[in-house]
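Written out below as structure tokens is the structure these notes cover.
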Amino acid sequence: MTGSHSNNSKDFSILVVDDIESIRYSIKDYLSREFRAFAAADGFEAIRICKNQPIDLVITDIRMPGMGGLQLIKILSEQYPAMKFALMTAYSVDDYIEFVRNQKVWNIIPKSTSMDLNFVQVMARKLLTNEIFGIQQYFPRAKLLDLKISDIHKMHRQLEDDVGLGPDHFYTCRICTPEENNAICDMAGDLLAHDGAPSMVRLVLEELAANAMIHAPGRSGAERPRPINRPGMPNGEYIPMADEDAFDISFGIVQDNAIVMITDYHGTVDREEILYRLERHVTPDPATGLPLGLVDTHGRGLYISREQADHLIFNIDPGKRTEIIGVLPLELRARDRAISIFQRESPG
6 MTGSHSNNSK
16 DFSILVVDDI
26 ESIRYSIKDY
36 LSREFRAFAA
46 ADGFEAIRIC
56 KNQPIDLVIT
66 DIRMPGMGGL
76 QLIKILSEQY
86 PAMKFALMTA
96 YSVDDYIEFV
106 RNQKVWNIIP
116 KSTSMDLNFV
126 QVMARKLLTN
136 EIFGIQQYFP
146 RAKLLDLKIS
156 DIHKMHRQLE
166 DDVGLGPDHF
176 YTCRICTPEE
186 NNAICDMAGD
196 LLAHDGAPSM
206 VRLVLEELAA
216 NAMIHAPGRS
226 GAERPRPINR
236 PGMPNGEYIP
246 MADEDAFDIS
256 FGIVQDNAIV
266 MITDYHGTVD
276 REEILYRLER
286 HVTPDPATGL
296 PLGLVDTHGR
306 GLYISREQAD
316 HLIFNIDPGK
326 RTEIIGVLPL
336 ELRARDRAIS
346 IFQRESPG
């Protein structure tokens with residue numbers, strides 16, 4: 006059975022499957038604030054519950070005694086095609102990228118000591134309600150501010166007086182040229198680092214912005230190539246950005262996290278392509294031992310960003326809009342490298 010489909014969270018049912026009782030009931034109880042939540046200790050119990058109770062989303066551990074999460078998803082996805090799934094694991098997420106791509110499971114939650122139950126709740130809400138955009142879903146205290154490039158120049162100059170970012174402020178600037186992109190990445194990186202962001206935040210911002218500038222626009226007309234401006238292009242090739250290729254760079258320190266976000270208005274990112282590219286970068290070539298994706302022209306920036314960020318979140322409205330959010334906790338010790346991909350479903 007699967008439940009009804011409305012935007013009222015209480016109309017949705019979630020089943021949490023984990024053999025560790027404390028984890029199972031902690032997640033279930035937290036989700037019960039917003040959804041109808043159930044719990045199962047293994048895959049067999051989960052199947053019994055699904056036969057008697059409408060379930061919209063199953064969040065399951067991968068490795069469990071009896072029946073694990075991978076086998077459970079294969080069985081349930083055949084019986085309930087509309088059911089949605091998310092995986093949890095205490096092991097490397099990279100080991101399961103091929104499975105999730107093939108099974109069309111777009112979210113893997115690392116089970117670590119820093120596991121954020123609010124992150125799990127937001128993930129469930131986005132998967133079930135189709136409302137996927139916005140940083141405030143994760144960080145409700147974020148104060149959204151739209152700035153011009155001149156405003157960010159002024160903020161950057163104030164670093165000389167030890168004046169940094171506003172508390173819980175999240176700034177957005179429209180990027181219309183490659184030169185603006187370079188300038189904002191540099192200044193935003195300095196501002197974030199001043200306020201305690203890990204040094205790799207600049208690299209994440211640069212790679213995500215390059216992806217929006219080079220790959221997001223895709224092609225139009227007679228397969229006309231879109232803007233390209235990246236070091237190492239053959240013969241120094243440079244094609245200016247078209248007006249419709251403008252995108253937004255957003256950044257800030259919110260609730261003890263450094264956050265960067267890139268928003269393009271083409272929506273050409275594809276969730277299967279994301280996982281395929283990541284899979285190639287974590288899969289060694291048997292002949293050389295090097296990653297299969299080492300020489301790929303696409304996907305390296307996403308892989309680098311995911312390696313440096315604790316969470317990398319993709320929000321996609323096909324043909325309309327893509328948000329990519331990188332989250333780096335200020336007290337970053339071990340990165341979880343969570344994969345979260347949300348794609349707005351077409352009505353009906």
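Each residue of the sequence shown is one higher than the last, beginning at 6 in my numbering. By construction, the Cβ of each residue, glycine as well, lies at the ideal position given by its N, Cα and C atoms.
*Within 10 angstroms of the Cβ of ASN57, are there 16 or more other Cβ atoms? Answer buried if so, exposed if not.*
The count along the sequence shown starts at 1 and reaches residue 57 at position 52. By the 10 Å Cβ count, ASN57 comes out exposed.
*Decide if the region 265-277 is in contact with the region 318-325; the criterion is three or more beta carbon pairs, one per stretch, under 8 Å apart.*
yes
*Would DSSP call TYR176 helix, strand or coil?*
Here residue 176 corresponds to residue number 171 of the sequence shown, with the count starting at 1. Strand.
_Endpoints, the alpha helix (DSSP H) within which GLN348 is located_ = One-based indexing of the sequence shown puts residue 348 at position 343. Taken as a continuous stretch (DSSP letters only), GLN348 belongs to no alpha helix (DSSP H), being part of the beta strand (DSSP E) at 343-348.
_Please report the straight-line C-alpha distance between SER345 and ASN112, rounded to a whole angstrom._
For the purposes of this step, residue 345 is taken as residue 340 along the sequence shown, with counting starting at 1. For the purposes of this step, residue 112 is taken as residue 107 along the sequence shown, with counting starting at 1. Those two C-alpha atoms are separated by around 5 Å.
*Can you say whether ASP151 is buried or exposed, counting buried as having 16 or more other CB atoms within 10 angstroms of its CB?*
Translated into the one-based positions of the sequence shown, residue 151 becomes position 146. Classification of ASP151: exposed, given that the 10 Å Cβ count is below 16.
_Out of ILE264, LYS33, ASP16 and LYS15, which one is the CA nearest neighbour of VAL22?_
Position 17 of the sequence shown, counting from 1, holds the residue named residue 22. Among ILE264, LYS33, ASP16 and LYS15, the Cα nearest to that of VAL22 belongs to LYS33.
*asked:* What would DSSP say about SER310, mapped onto helix, strand or coil?
replied: What you label residue 310 is simply residue 305 of the sequence shown in a count that begins at 1. DSSP places SER310 in helix when its eight states are reduced to three.
*Alpha carbon to alpha carbon, how far is LEU20 from GLU277? Give it in angstroms, no decimals.*
Numbered from its first residue, the sequence shown carries residue 277 at position 272. Numbered from its first residue, the sequence shown carries residue 20 at position 15. So the two alpha carbons sit approximately 25 Å from each other.
*Residue range of the beta strand (DSSP E) that includes GLU328*: Here the question's residue 328 lines up with position 323 in the sequence shown. 326-334 is the extent of the beta strand (DSSP E) around GLU328.
*Does the Cβ of PRO145 lie closer than 7 Å to at least one heavy atom of the ligand GDP?*
Within the structure as shown, the ligand GDP is missing, as the structure has no ligands at all.
*Roughly how many whole angstroms lie between the Cα atoms of ARG68 and TYR96?*
To locate residue 68, count along the sequence shown from 1; it is residue 63. To locate residue 96, count along the sequence shown from 1; it is residue 91. Those two C-alpha atoms are separated by around 9 Å.
*Apply the 10 Å Cβ neighbour rule to VAL63 and answer buried if 16 or more other Cβ atoms are within range, or exposed otherwise.*
Stepping through the sequence shown from its first residue, residue 63 is reached at position 58. Buried, by the Cβ-count rule.
*Rounded to a whole number of angstroms, what is the C-alpha to C-alpha distance between VAL332 and ALA45?*
Taking the first residue of the sequence shown as position 1, residue 332 is located at position 327. Taking the first residue of the sequence shown as position 1, residue 45 is located at position 40. Approximately 31 Å, taken between the alpha carbons.
*Have a look at GLU26, ALA129 and ILE279 and flag the residue whose alpha-carbon is nearest the alpha-carbon of PHE40.*
For the purposes of this step, residue 40 is identified with residue 35 of the sequence shown, where counting begins at 1. It is ALA129 whose Cα lies nearest to the Cα of PHE40.
*Could you check the C-alpha separation between GLU211 and LEU196 for me, to the nearest Å?*
By one-based count along the sequence shown, residue 211 stands at place 206. By one-based count along the sequence shown, residue 196 stands at place 191. Computed Cα separation, rounded: 14 Å.
_For MET72, report the span of its beta strand (DSSP E) as first-last._
As a working note, residue 72 is residue 67 in the sequence shown. Looking at the DSSP string, MET72 is not in any beta strand (DSSP E), and its letter there is neither H nor E.
*Going by alpha carbons, who is nearest to GLY304 out of GLN348, ASP290, ASN216 and ARG349?*
By one-based count along the sequence shown, residue 304 stands at place 299. GLY304 has its Cα closest to that of ASN216, out of GLN348, ASP290, ASN216 and ARG349.
*asked:* For LYS89, tell me which candidate among ILE60, ILE102, ILE140 and ILE309 has the shortest Cα-Cα distance.
replied: Position 84 of the sequence shown, counting from 1, holds the residue named residue 89. When only C-alpha atoms are compared, the closest one is ILE60.
*Whose C-beta lies closer than 8 Å to the C-beta of ILE54 among residues of the same chain, with five residues either side of it excluded?*
Indexing the sequence shown from 1 puts residue 54 at position 49. Counting only Cβ-Cβ distances below 8 Å, and skipping sequence neighbours, we find LEU20, PHE43, ALA45 and ILE60.
*Can you find at least 3 beta carbon pairs, one from the region 253-267 and one from the region 175-188, that sit closer than 8 Å?*
yes
*Cα-Cα separation, TYR243 to MET218*: For the purposes of this step, residue 243 is taken as residue 238 along the sequence shown, with counting starting at 1. For the purposes of this step, residue 218 is taken as residue 213 along the sequence shown, with counting starting at 1. Because TYR243 carries a pLDDT of 49, less than 50, the predicted location of this residue cannot be relied on, and no value is offered for it.
_Three-state class that DSSP yields for VAL21 in the structure shown_ = The residue you call residue 21 lines up with position 16 of the sequence shown. Reduced to three states, the DSSP call for VAL21 is strand.
*Could you pull the start and end residues of the beta strand (DSSP E) that MET93 belongs to?*
Residue 93 sits at position 88 when you count from the first residue of the sequence shown. Start and end: 89-94.
*The beta strand (DSSP E) spanning ALA51 covers which residue range?*
Walking along the sequence shown from the start, residue 51 turns up at place 46. Looking at the DSSP string, ALA51 is not in any beta strand (DSSP E); the run it does join, the alpha helix (DSSP H), is 48-57.
*Give a yes or no on whether the C-beta atoms belonging to LEU297 and ARG282 are separated by under 8 Å.*
Within the sequence shown, the letter at position 292 stands for residue 297. Within the sequence shown, the letter at position 277 stands for residue 282. Against a cut-off of 8 Å, the Cβ pair of ARG282 and LEU297 comes out as no contact.
*Secondary structure of ASP100, DSSP reduced to three states*: For the purposes of this step, residue 100 is identified with residue 95 of the sequence shown, where counting begins at 1. Residue state, collapsed to three classes: helix.
*Less than 8 Å between the CB atoms is what I'm expecting for VAL265 and LEU213, so what's the real figure, rounded?*
By 1-based counting over the sequence shown, the position of residue 265 is 260. By 1-based counting over the sequence shown, the position of residue 213 is 208. With a Cβ gap of about 7 Å, VAL265 and LEU213 count as contacting.
*Mapping DSSP to helix, strand and coil, what is LEU317?*
Here the question's residue 317 lines up with position 312 in the sequence shown. Reduced to three states, the DSSP call for LEU317 is strand.
_Distance check for LEU295 and TYR289, CA to CA, integer angstroms please._
By one-based count along the sequence shown, residue 289 stands at place 284. By one-based count along the sequence shown, residue 295 stands at place 290. A small fix is needed here, since residue 289 is Pro in this sequence, not Tyr. The alpha-carbon atoms of PRO289 and LEU295 are separated by roughly 5 Å.
*For ALA193, which three-state DSSP category applies?*
Start at 1 with the first residue of the sequence shown, and residue 193 comes out as number 188. The answer is helix: DSSP assigns ALA193 an H, G or I state.
_Using only CA atoms, which one of ASN135, ILE114 and PHE17 lies nearest to THR94?_
Within the sequence shown, the letter at position 89 stands for residue 94. Among ASN135, ILE114 and PHE17, the Cα nearest to that of THR94 belongs to ILE114.
*Name the DSSP bridge partner or partners of PRO115?*
Residue 115 sits at position 110 when you count from the first residue of the sequence shown. BP columns for PRO115 point to THR94.
*Is it the case that the Cβ atoms of LYS116 and ILE28 are separated by a distance below 8 Å?*
Locating residue 116 in the sequence shown gives position 111, where the first residue counts as 1. Locating residue 28 in the sequence shown gives position 23, where the first residue counts as 1. Contact: yes.
_ILE330 and ILE180 - do their beta-carbons sit closer together than 8 Å?_
The residue labelled residue 180 in the question sits at position 175 within the sequence shown. The residue labelled residue 330 in the question sits at position 325 within the sequence shown. For ILE180 and ILE330, no; Cβs fall outside 8 Å.
*By how many angstroms is the C-alpha of GLN163 removed from the C-alpha of ARG106?*
Indexing the sequence shown from 1 puts residue 106 at position 101. Indexing the sequence shown from 1 puts residue 163 at position 158. If I take the Cα positions, the gap works out to 46 Å.
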